[in-house]
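Chemist:
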Amino acid sequence: MKCYNINSGGTLTDGLAIRHRLTRGSELQIAIALALLTPMTAFPATDNEIAELRAMVDQMKSQYERRIQDLESRLAKAERDATKAATRSDADEVPLEQADRIASTESQPMTAPPVMPPASPESGKTGLGALSSGNAFNPQISVFLDGNYYHDGIDGEGATLVGLAYQPSRGADQVHDHEEDGDHAHGLTENGFNFREAEIAFSATVDPYFDGSLFLAIDGDGTVELEEGYFQTRSLPAGLRVKGGKFLSDFGYINRQHPHQWDFVDQNLPYLNLLGPHGLQDTGLQLTWLPKLPFYTLLGVEGLQGNQEIFGATLGDDDRAALELGDTDDGPRLWTAFAKVAPDIGINHALQLGLSYANNNQHQEVQEHTHAHGDDDAQDDDYEIEIHRSGLAGDARLWGVDLVYKYDGGGAHGHKSFKFQSEYLRSIKDMTITSSVHPEIIGSRRTFTTDGLYAQAIYGFAPKWTAGLRYDVLGMTNEISDGGKDAGFGSSDRWTFDVTWNLSEFSRLRAQYAHNDILVAPGERERFDAFYLQFLVSMGSHGAHAF
Amino acid sequence: MFNAVDARVVMVKGFVVSVLAGMLGGLLTFGAAQAAELNVVATNSSMGALARTVGAGRVQVTMLASPDRDLHMLQAKPTMIRALRDADLVVAVGAELEVGWLPVAIGSAANPRILPGQPGYFEAAAQVDLLEGGSPADRTLGDVHPVGNPHVNMDPVRMAIVASAMSERMAQLDPAGGETYRANARSFAAAVEQRMDAWQARLAGAPGVVLYHRDALYLLDRFGVQLLGTIEEIPGVPPTAQQIKTLSEKLRDRSGVIVYAPYASAQAPERLAKSLGWEARRLSLDPPMGADGSGYLDHIDLWVQTLAPAR
Numbered sequence: 001m002k003c004y005n006i007n008s009g010g011t012l013t014d015g016l017a018i019r020h021r022l023t024r025g026s027e028l029q030i031a032i033a034l035a036l037l038t039p040m041t042a043f044p045a046t047d048n049e050i051a052e053l054r055a056m057v058d059q060m061k062s063q064y065e066r067r068i069q070d071l072e073s074r075l076a077k078a079e080r081d082a083t084k085a086a087t088r089s090d091a092d093e094v095p096l097e098q099a100d101r102i103a104s105t106e107s108q109p110m111t112a113p114p115v116m117p118p119a120s121p122e123s124g125k126t127g128l129g130a131l132s133s134g135n136a137f138n139p140q141i142s143v144f145l146d147g148n149y150y151h152d153g154i155d156g157e158g159a160t161l162v163g164l165a166y167q168p169s170r171g172a173d174q175v176h177d178h179e180e181d182g183d184h185a186h187g188l189t190e191n192g193f194n195f196r197e198a199e200i201a202f203s204a205t206v207d208p209y210f211d212g213s214l215f216l217a218i219d220g221d222g223t224v225e226l227e228e229g230y231f232q233t234r235s236l237p238a239g240l241r242v243k244g245g246k247f248l249s250d251f252g253y254i255n256r257q258h259p260h261q262w263d264f265v266d267q268n269l270p271y272l273n274l275l276g277p278h279g280l281q282d283t284g285l286q287l288t289w290l291p292k293l294p295f296y297t298l299l300g301v302e303g304l305q306g307n308q309e310i311f312g313a314t315l316g317d318d319d320r321a322a323l324e325l326g327d328t329d330d331g332p333r334l335w336t337a338f339a340k341v342a343p344d345i346g347i348n349h350a351l352q353l354g355l356s357y358a359n360n361n362q363h364q365e366v367q368e369h370t371h372a373h374g375d376d377d378a379q380d381d382d383y384e385i386e387i388h389r390s391g392l393a394g395d396a397r398l399w400g401v402d403l404v405y406k407y408d409g410g411g412a413h414g415h416k417s418f419k420f421q422s423e424y425l426r427s428i429k430d431m432t433i434t435s436s437v438h439p440e441i442i443g444s445r446r447t448f449t450t451d452g453l454y455a456q457a458i459y460g461f462a463p464k465w466t467a468g469l470r471y472d473v474l475g476m477t478n479e480i481s482d483g484g485k486d487a488g489f490g491s492s493d494r495w496t497f498d499v500t501w502n503l504s505e506f507s508r509l510r511a512q513y514a515h516n517d518i519l520v521a522p523g524e525r526e527r528f529d530a531f532y533l534q535f536l537v538s539m540g541s542h543g544a545h546a547f
Numbered sequence: 001m002f003n004a005v006d007a008r009v010v011m012v013k014g015f016v017v018s019v020l021a022g023m024l025g026g027l028l029t030f031g032a033a034q035a036a037e038l039n040v041v042a043t044n045s046s047m048g049a050l051a052r053t054v055g056a057g058r059v060q061v062t063m064l065a066s067p068d069r070d071l072h073m074l075q076a077k078p079t080m081i082r083a084l085r086d087a088d089l090v091v092a093v094g095a096e097l098e099v100g101w102l103p104v105a106i107g108s109a110a111n112p113r114i115l116p117g118q119p120g121y122f123e124a125a126a127q128v129d130l131l132e133g134g135s136p137a138d139r140t141l142g143d144v145h146p147v148g149n150p151h152v153n154m155d156p157v158r159m160a161i162v163a164s165a166m167s168e169r170m171a172q173l174d175p176a177g178g179e180t181y182r183a184n185a186r187s188f189a190a191a192v193e194q195r196m197d198a199w200q201a202r203l204a205g206a207p208g209v210v211l212y213h214r215d216a217l218y219l220l221d222r223f224g225v226q227l228l229g230t231i232e233e234i235p236g237v238p239p240t241a242q243q244i245k246t247l248s249e250k251l252r253d254r255s256g257v258i259v260y261a262p263y264a265s266a267q268a269p270e271r272l273a274k275s276l277g278w279e280a281r282r283l284s285l286d287p288p289m290g291a292d293g294s295g296y297l298d299h300i301d302l303w304v305q306t307l308a309p310a311r
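Protein sequence lines, in the order shown, are assigned to chains A and B. Quick note: the first sequence uses my numbering, first residue 1, plus one each step. Quick note: the second sequence uses my numbering, first residue 1, plus one each step.
(1) Would you kindly report the start and end of the unbroken alpha helix (DSSP H) that includes tyrosine 271 of chain A?
(2) Could you tell me the alpha carbon to alpha carbon distance between isoleucine 310 of chain A and serine 427 of chain A, rounded to whole angstroms?
(3) Are the C-beta of alanine 393 of chain A and some C-beta of chain C separated by less than 8 Å?
(4) So who's on the other strand from histidine 369 of chain A, going by DSSP bridges?
(5) Assign tryptophan 495 of chain A to one of three DSSP states: helix, strand, or coil.
(6) Identify each residue in the segment 70-83 of chain B for which the Cβ-Cβ distance to at least one residue of chain A is less than 7 Å, and report them in chain order.
(7) Please classify aspartate 47 of chain A: does DSSP put it in a helix, a strand, or coil?
(8) Taking the C-alpha atoms as reference points, what is the distance between proline 294 of chain A and proline 208 of chain A?
(9) Over the uninterrupted beta strand (DSSP E) stretch that includes tryptophan 335 of chain A, give me the two end residues.
(10) Just to confirm, are alanine 124 of chain B and valine 99 of chain B a CB contact at a threshold of 8 Å?
(11) Within its chain, find whatever has a CB closer than 6 Å to the CB of lysine 245 of chain B; leave out the 5 residues flanking it on each side and keep chain order.
(12) Would alanine 544 of chain A pass as an interface residue toward chain B - the criterion being a Cβ-Cβ separation below 8 Å?
(13) So, do the segment 433-442 of chain A and the segment 197-212 of chain B have three or more beta carbon pairs nearer to each other than 8 Å?
(14) On the three-pair Cβ rule with 8 Å, is the segment 62-79 of chain B touching the segment 252-268 of chain B?
(15) Quick one: Cα of glutamine 60 of chain B to Cα of alanine 36 of chain B, how far?
(16) How many angstroms separate the CA atom of serine 492 of chain A from the CA atom of serine 541 of chain A?
(17) Taking only beta-carbon atoms, is arginine 312 of chain B less than 8 Å away from chain A?
(18) Mind pulling the chain A residues with CB within less than 7 Å of arginine 139 of chain B?
(19) Which residue's Cα is closest to the Cα of leucine 297 of chain B: B:Ser164, B:Leu283, B:Met154 and B:Asp129?
(20) Output needed for alanine 291 of chain B: all residues of its chain with C-beta closer than 7 Å, excluding positions within five of it in sequence on either side, in chain order.
(21) When you compare the CB of methionine 458 of chain A with every CB in chain B, is at least one pair closer than 8 Å?
(22) Please report the distance separating the alpha-carbon of aspartate 319 of chain A from that of leucine 325 of chain A.
(23) Closer than 7 Å by C-beta to alanine 33 of chain A: which residues in its own chain qualify, once you throw out the five before and the five after it? Chain order, please.
(24) Hey, would you say the C-beta of threonine 79 of chain B is under 7 Å away from at least one heavy atom of the ligand COA?
(25) Taking 7 Å as the limit between beta carbons, can you name the residues of its chain near valine 304 of chain B, skipping five residues before and five after?
(26) Should tryptophan 495 of chain A be labelled buried (16 or more other beta-carbon atoms within 10 Å of its own) or exposed?
(27) With burial defined as no fewer than 16 other Cβ atoms inside 10 Å of the residue's Cβ, what is the status of threonine 432 of chain A: buried or exposed?
(28) Would you mind giving the Cβ-Cβ distance between lysine 292 of chain A and aspartate 86 of chain B, rounded to the nearest angstrom? I have them listed as a contact below 8 Å.
(29) Out of A:Lys429, A:Gly488 and A:Leu351, which has the shortest C-alpha to C-alpha gap to phenylalanine 420 of chain A?
(30) Can a CB atom of chain B be found closer than 8 Å to the CB of valine 115 of chain A?
(31) Flag valine 328 of chain B as yes if its beta-carbon sits less than 8 Å from any beta-carbon of chain A, otherwise no.
(32) Give me, in chain order, the residues of the same chain whose beta-carbon lies closer than 6 Å to that of valine 404 of chain A; leave out the 5 immediate sequence neighbours on both sides.
(33) Among the residues of its own chain, which have a CB less than 6 Å from the CB of glutamine 140 of chain A, if the five just before and after it don't count?
(34) Would you mind telling me which residues of chain A sit closer than 8 Å to leucine 115 of chain B, beta carbon to beta carbon, in chain order?
Right, here's the structure in full:
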């Protein structure tokens, strides 16, 4: 029988014999060099120096011995592999113990070694140091850099305005609406160059029971923020998994994506306005279950602390006392449940439908209205604007429906691939007025309802190039109801078009144009065009192509 | 007002109850008996063909990617996660070829049996020696794989070795079928052996090939067919017109054939073929979806015919 093996044991052995001679030769050279060097020193060497030299020689010797041992063991392994390969290609039966060894060592994924085997003696490799595995246990690290050039026709306010589209309830956000820290989340985008964020992601297997992940975002000002930091179980039975820590909720579809995964530069209006720039990101526990059904079904529930900016906000101590809102309840206050279903519609197609629900059982809010007293034309000190603040407390609910369809077109570098994605969100906040200068309304109820929808499609029109179109709207229903009469405020909407150039798997450039029609206050609209040029690069471990 | 609140409580309860009911329903169907002894999920049709052959009669094979899609560029789809959830064994080409999506899909499948390091995780590339290992981890060189060239499925001899290792793995998971698996792997190796001489003879004096990507390297290496060049100079980076021109000038007075994968852009290979007067062939790296071991060998046959000198 022929043996088609690439490595033949013979050549390898020869190679090693030569190396043996070489290494022994160099040891000899060192010895000679030292012998020659010693008499050349003008004054006799002290005992200390001799001891030092001896230690050096010993150390070098041990290093070379180590290298030879290393080479020998590698040769032995190569020979073993070669024989193993030979026996297997000859279709001889693999002995059982050998098979066990194969099975136990070869179910590991092949990955690039984190460090190259040392080519020269390292300080950590002397007989004096402790044996260590170096950085082999380091987590996988990826870094994403995300920056842009931005311009709109309203002095750069547009990027902030799209996140402040008018809705009757804005939560805590409304309180510092007029303060300077408006959009502190991902840095304030202004006309000109912006560094949005650097995201650093670490992930590793903790032990047989858990995986761990950490995502840090550093914005353009250098502020570090914990985006996610969680553990997730590896070995629960029956399709169950538990995740704990701070994480992006699996509510909806786009919620768990980080900004560098988006198909457009900015977040859609419903998420941005109903959940805030971070989305539903909170601390708590998640339980998901993948039942053994004929098609993909994922069911999950989450219990989260509930510290949200818009959806279930709680106010500061001073406001709570002044407005008689009561104490902040113990957490967890935010509960979510979601179901995702993906029928099998062919190997190159993917469809996923989702239904999500979230309930934050405490939401507090301040509503401000102004009264003008006196006459505008009269003397200044008669004229007075009084700001009345009312406190409201209650709970907040959010429904979400999502649909994602993807087609793998099979062209080069994403050419002919298509993706459609749409979500509908509806936020309902039921609240009771706890304090007001108008005592007659204290104790009466208000329901704030705002919904939103986005639909977007991405198509790979050439290898490495995609074009995207998005329509998003906030406030098709945008009203306060007090049981009797409803007050509606109208909607904000936007059309966005973008072109993305994926130079490689690791870098992309994107141009985006949007026409915005934003309701900034009841009866007051801002219509403007906004333009982005974005760069996104990723470094480090190969990124994941998650659905 | 009260009615509205009441209605929403009912609605919320209804949703929570239906989620819980779904969970319960799933639990009841959990444990429904499988017809096959082993549920194998293969990442592509090469690995699928091998699993079908080795596990003939005892395993049920599901494949995650079709041969006309780039295995490196796939996304983790929900249907993949569903398939992996019940898998006893996942069979990948490995060496980071599926790195973009398989770890994500396995991670989401909530199936501890197939996690890397467990007997249920099998990489073909981990069973054989790899070519081009130890290249620098430098992304200026494109999407490189320092661990080695992952496309081992293009070498029938390595695939016979993989089949043998796979039979041991299947035997470990399903001891009752151990003899069947080993016998199947032996007959696959024999079938490879049987065709080797003919392939070798057919490829003697082959003029050489220009590949789009270094993905058929193992086949060329096995039969000593010369790789005259690659259309893309850097893996994952499409060639420039200048690169094609340079390649064309270099190969002016030679004969050869150009082969590119179904998911590669045809433009550059066709332009090169035109300027050299060679033939450009679009060939998949993997056999058709339904292939078994002999289907895989037919697929190698097709490549051999393409690379062979004109008769």
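Ideal placement from N, C-alpha and C gives every residue a C-beta, glycine not left out.
Modeler: This is what the structure holds:
(1) 269-274
(2) 10 Å
(3) Absent from the structure is chain C; the protein chains it does hold are A and B.
(4) A:His388
(5) strand
(6) Leu74, Gln75, Ala76, Lys77, Pro78, Thr79, Ile81 and Arg82
(7) helix
(8) 29 Å
(9) 334-342
(10) no
(11) none
(12) yes
(13) no
(14) yes
(15) 6 Å
(16) 40 Å
(17) Nothing about residue 312 of chain B can be reported from this structure: the residues present for chain B run from 1 to 311 only.
(18) Phe506
(19) B:Met154
(20) Ser45, Ala49 and His299
(21) It should be noted that the sequence gives isoleucine, not methionine, for residue 458 of chain A. No, its Cβ sits nowhere closer than 8 Å to a Cβ of chain B.
(22) 8 Å
(23) Because alanine 33 of chain A carries a pLDDT of 49, less than 50, the predicted location of this residue cannot be relied on, and no value is offered for it.
(24) For the structure depicted, the ligand COA is absent and the ligand set is empty, with no information on it obtainable.
(25) Trp199, Arg202 and Leu203
(26) exposed
(27) exposed
(28) 7 Å
(29) A:Leu351
(30) Residue confidence is low: valine 115 of chain A scores 45 on pLDDT, short of 50, so the model does not pin down where it sits. Its coordinate-derived value is still stated next. Answer no: the Cβ-Cβ gap between valine 115 of chain A and chain B never drops below 8 Å.
(31) Nothing in the structure corresponds to residue 328 of chain B, since chain B is present only between 1 and 311.
(32) Tyr253, Gln352 and Gln421
(33) Ser203 and Ser541
(34) Arg234 and Ser235
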